[in-house]
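In terms of our numbering, the sequence shown opens at residue -11 and continues consecutively.
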Amino acid sequence: MEISINENNSGANSIISKGADCKSEKIAITTLDKFVKENNIEKVDFIKADIEGAERDMLRGATNVLKTFAPKLAICTYHLLDDPEVLEKIILEANPDYKVVHLRHKLFAAVVKQ
């Protein structure tokens, strides 16, 4: 995978888009599901993501984490126009017990236990 690196604004680094004044580097990535399994992580209770448009890829790579641990989520939804709908769909497909709220370009989700 390649990451676009903006040397003037590290907050704009992205694997999704490449800016004109950016250089790129090859990087190794993994999924949350694989990372949790390989590192024998026994509990995941919160995921916060503002990852410059890669939020949907992150969620797709965390379906087992969402099913098994049902962590609370705080995910930015302003990078791609259809992020609010697409991200909510990915979450609910992984675990339909989530309750999702959209607020100011962010998505918050949790499984509410009765």
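C-beta atoms are modelled at their ideal positions from N, C-alpha and C, and glycine is treated no differently.
At a Cβ-Cβ threshold of 8 Å, Phe96 and Leu61 count as neighbours. Annotated as distal: Val53 and Asp33, with beta-carbon spacing of 8 Å or more. About 6 Å separates the beta carbons of Cys64 and Lys94, which is inside the 8 Å limit, making them a contact pair.
The beta carbons of Lys55 and Asn83 sit closer together than 8 Å.
Here Ile78 is buried, its C-beta having at least 16 other C-beta atoms within 10 Å.
For Arg92, the number of other beta carbons within 10 angstroms of its own is below 16, and it is reported as exposed.
Relative to the Cα of Asp45, the nearest Cα in the group Thr18, Val89, Glu30 belongs to Thr18. Per the DSSP secondary-structure output, Phe34 pairs in a beta bridge with Lys60.
Residue Leu80 holds the alpha-carbon nearest to the alpha-carbon of Thr51 among Val89, Ala98, Leu80, Val99. A distance below 8 Å between beta-carbons, with the five flanking residues on each side excluded, links Glu43 to the following residues of its chain, in chain order: Ala37, Ile63, Cys64, Thr65, His67, Asp71, Leu75.
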